[in-house]
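Peer 1: Protein chains in written order, with our numbering: chain A, 1 to 115; chain B, 1001 to 1111.
After the structure tokens below, expect a handful of questions from me.
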């Protein structure tokens, strides 16, 4: 079966510090991968998605970046965090072909607080 | 660009009552998903609706899809406290690798 991991689970960082969040998927190959952010009490905002190694599509211009160095690894980064970067970051994967193509499966999330 | 409107955004209901959450979307979608999110937790997949007229049911929840009307509904029957959560609909634009999420409906079921 497939599982998706995110770490860290919780993070408190000062403004201006760097950020690296990691997401890995097990039990599948060549998945689509997604990064979302959810501000407190708000909906989901798609930040990046990837259909393959090194292929990143950015949805919202901002001080965040994403990379996919391996097939099942997706990393979200920032060189300098802003207060507005606080939120709940969710990684998701979807299979290319399966009985339920396009369905996205979410990781446990990372709660980021920027002070 | 596909836009999604969920309503209501907040729903407070008593146990045992029925209610429906509506999800309207603006352009063609080839499938639609419903997710549940408990407070402080991640999203859990509830239903996948793949075609016009699709109906899926699990427990006290039933989801349906009308692609001609660009409308999906999530019906709650005889609500219980355990159903308290935020529910998101997410249609997929035709041919896209992305989903577009609604703002979510926060459901509170009171004893």
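Think of the CB as a built atom: it goes at the ideal place given N, C-alpha and C, for glycine as much as any other residue.
(1) By DSSP's criteria, residue 1086/B is part of a beta bridge. Which residues make up the other side?
(2) Are the CB atoms of residue 1022/B and residue 1079/B nearer to each other than 8 Å?
(3) Would you list, in chain order, the members of the segment 1020-1037 of chain B that have their beta-carbon closer than 9 Å to a beta-carbon of chain A?
(4) With a threshold of 8 Å between beta carbons, is residue 32/A in contact with chain B?
(5) Does residue 22/A get closer than 8 Å to chain B when you measure Cβ to Cβ?
(6) Span of the beta strand (DSSP E) holding residue 87/A?
(7) Please report the straight-line C-alpha distance between residue 77/A and residue 48/A, rounded to a whole angstrom.
(8) Do residue 37/A and residue 56/A have their CB atoms nearer than 8 Å?
(9) Relative to chain B, which residues along the segment 45-76 of chain A have a C-beta separation below 7 Å, given in chain order?
(10) With a threshold of 8 Å between beta-carbons, can residue 1048/B be considered close to chain A, or not?
(11) Exposed or buried, residue 39/A, counting other C-beta atoms within 10 Å across all chains shown (16 or more means buried)?
(12) Distance check for residue 111/A and residue 23/A, CA to CA, integer angstroms please.
(13) Starting from residue 39/A, trace the beta strand (DSSP E) both ways and give me its first and last residue.
(14) If you run the structure through DSSP and keep just helix, strand and coil, what is residue 83/A?
(15) If you pair each beta-carbon of the segment 1028-1044 of chain B with each one of the segment 1067-1085 of chain B, do three or more pairs fall below 8 Å?
(16) Out of 88/A, 71/A, 59/A, 103/A, point me to the one whose CA is closest to residue 1045/B's CA.
(17) If I measure Cβ to Cβ from residue 1047/B and keep anything under 6 Å in the same chain, skipping five residues before and after, which residues do I get?
(18) Among 1036/B, 1012/B, 1066/B, whose alpha-carbon lies nearest the alpha-carbon of residue 1050/B?
(19) Compare the Cα-Cα distances from residue 1061/B to each of 1100/B, 1107/B, 1004/B, 1029/B and report the closest residue.
Peer 2: This is what the structure gives:
(1) 1037/B, 1106/B
(2) Taking 8 Å as the Cβ cut-off, residue 1022/B and residue 1079/B do not qualify as a contacting pair.
(3) 1030, 1031, 1033, 1035, 1037
(4) yes
(5) So no, residue 22/A is outside the interface.
(6) 87-94
(7) Rounded to the nearest angstrom, the two C-alpha atoms are 11 Å apart.
(8) It is not a contact, given that the beta carbons lie outside the stated cut-off.
(9) Against chain B - using a Cβ distance shorter than 7 Å - the residues of the segment 45-76 of chain A are 46, 49, 51.
(10) Judged by the 8 Å Cβ criterion, residue 1048/B is in contact with chain A.
(11) exposed
(12) Whole-angstrom Cα-Cα distance: 14 Å.
(13) For residue 39/A, there is no enclosing beta strand (DSSP E), as DSSP gives it neither H nor E.
(14) Residue 83/A: helix per DSSP, three-state reduction.
(15) Under the three-pair Cβ rule at 8 Å, the segment 1028-1044 of chain B counts as touching the segment 1067-1085 of chain B.
(16) 103/A
(17) 1034, 1056, 1063
(18) Cα-wise, what sits closest to residue 1050/B is 1066/B.
(19) Ranking 1100/B, 1107/B, 1004/B, 1029/B by Cα distance to residue 1061/B puts 1107/B first.
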